[in-house]
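Structure record follows, encoded as structure tokens.
Protein chains in written order, with our numbering: chain A, 70 to 314; chain B, 70 to 314.
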């Protein structure tokens, strides 16, 4: 499993992915799921991947190879909009499906993959897409300014309660870390470290990228403060006065 | 979808189910998912059902008809242990599978059903089981004293944080209602009213059974207090001091 989330804010983008990959419970490893395509001053495009690792790594490799391919082809360094970028990622997904889909089917393996495509290209605002395994995609809007892939449920309620398009970036970061904490506690196939990227609107380069380990002092303080805070709120609420005797 | 949860406490059992049933988004109705088999002073057995309504209603009907069947047969009013009760429910599940399984398969419909079987029979402690579609089952233990069926993820973190086997019954009730609130907010196919049953160990009758509507004053106060409390805890936690400029 995997957990990735992208939040589209007026101030920019907050992007995060876990790093655990597993094939069965007895084959567990760390693999990055955040892939950055950057031309400072021109564009920053970030991919967050979930699903079958062989598929998503193939897609990312195809996209990297396209950058050095024939000049007339569309790729992530020459597309003129994030919509086009999502189309290019979708097309790469379809190429991998054309190559591997039938063989996977014969082995009873789902063609499961989804990729968040987030970023900004000069001349546009920051945008955020979710590209599905079929290569089609949806875009986040100011009404619901986030997209999740992978193990999405445990970490969703806190985002729903807190995040809006106008939310301050550092509040959104705090919320994302709480969302990861809830997910990591509940699903053993999602795990630290967390790759995190903050992007400020119109900066056109990756502003703050870091990998948070379990020992990161800020993550530790959020984890502890949130857990203790929840218990305190729980205790402060009244019990029902129904008799059950 | 559905959400049902059963908690096994030293003090007894807390059992709850939502009441929404739907076949597609354009056919939504209320159906009880809590079914009580009671012989006051002798036994209380409660079934909470999730999955295909035609299957679970058939199982419950079979179990009711067995009560008036030939005397030598096992049924929920003559079994000597909750383990036997779970076996009887599992056998009823298998009967329905034998009758309907093949036809459902032909129509591409999963045989999806699960049933929590909770209660106490004189001479035993209260026990709690989860009977699967295949008729096999697991039992809750003091280490993880709860079982959920249906839409289980949204409402699980708060139970994990708060409930232990030694938890006071009314604290567990409060926790169950918060768990339902989180689930109902996130999944439109889980909805009020909530059927709730509290059972005190060794009382051998259903002690407090009620249906909570959206207007129930206690539920409203919990819902409001929890939402406001979460936001207050969130605000009180520090933001990261990373620059993202």
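Where a beta carbon is used, it is the ideal one built from N, C-alpha and C, also for glycine.
Quick caveat, the model's predicted, so the values are computed rather than measured.
Going straight from the alpha carbon of residue i to that of residue j, what length do you get?
i	j	result
residue 285(B)	residue 201(B)	33 Å
residue 101(B)	residue 258(B)	14 Å
residue 115(B)	residue 237(B)	21 Å
residue 118(B)	residue 281(B)	18 Å
residue 207(A)	residue 134(B)	51 Å
residue 291(B)	residue 301(A)	14 Å
residue 166(B)	residue 173(B)	9 Å
residue 75(A)	residue 305(B)	24 Å
residue 310(B)	residue 269(A)	15 Å
residue 170(B)	residue 128(B)	13 Å
residue 71(B)	residue 103(B)	12 Å
residue 314(B)	residue 199(A)	Residue placement at residue 314(B) is poorly supported in this model, since its pLDDT is 49, which falls under 50; the coordinates still yield a value, given next. When rounded, the distance between both Cα atoms is 26 Å.
residue 144(B)	residue 252(B)	34 Å
residue 273(B)	residue 105(B)	12 Å
residue 307(A)	residue 230(B)	18 Å
residue 289(B)	residue 142(A)	58 Å
residue 178(A)	residue 266(B)	43 Å
residue 318(B)	residue 184(B)	Lying outside 70 to 314, the shown extent of chain B, residue 318(B) is not represented and no answer is given.
residue 111(A)	residue 243(A)	29 Å
residue 232(A)	residue 191(A)	26 Å
residue 278(B)	residue 88(B)	14 Å
residue 246(A)	residue 213(A)	19 Å
Closer than 9 Å by beta-carbon distance: list the chain A residues that pair up with residue i, in chain order.
i	result
residue 230(B)	254, 296, 299, 300, 303
residue 234(B)	Those within 9 Å of residue 234(B) in chain A number zero; the least Cβ separation is about 18 Å.
residue 242(B)	308, 309, 311, 313
Show which residues of chain B have a CB atom less than 9 Å away from the CB atom of residue i.
i	result
residue 291(A)	306, 307, 309
residue 251(A)	226
What residue range is occupied by the uninterrupted beta strand (DSSP E) comprising residue i?
i	result
residue 189(B)	182 to 190
residue 199(B)	196 to 200
residue 94(A)	First-last for residue 94(A): undefined, no H or E at that position.
residue 77(A)	72 to 77
So residue i is in the alpha helix (DSSP H); what residue range does that whole segment cover?
i	result
residue 283(A)	It is not in any alpha helix (DSSP H) - residue 283(A) carries neither H nor E in the DSSP assignment.
residue 161(B)	151 to 175
Can you list the residues of chain A that residue i reaches, using a CB-CB cut of under 8 Å?
i	result
residue 222(B)	222, 223, 255
Residues of chain A with CB closer than 7 Å to the CB of residue i, please, in chain order.
i	result
residue 287(B)	309
What residues are listed by DSSP as bridge partners for residue i?
i	result
residue 264(A)	86(A), 280(A)
residue 208(B)	198(B)
residue 254(B)	Residue 254(B) pairs with nothing; no bridge assigned.
residue 269(B)	81(B)
Using only the heavy atoms of the ligand HEM, determine whether one of them is closer than 7 Å to the beta carbon of residue i.
i	result
residue 218(B)	With respect to small molecules bound, the structure shown includes none, and the ligand HEM cannot be examined in it.
Which chain B residues sit within Cβ distance under 7 Å of residue i?
i	result
residue 239(A)	308, 309
Handout entry: Complete runs of the beta strand (DSSP E) confined to the stretch 214 to 251 of chain A [at least 3 residues]
Key = Under the rule that a run must span 3 or more residues, the beta strand (DSSP E) segments found entirely inside the stretch 214 to 251 of chain A read 215 to 219.
Practice task
Within the stretch 97 to 149 of chain A, note down every full alpha helix (DSSP H) run reaching 4 residues or more, in order along the chain.
Solution key: You should have 122 to 135.
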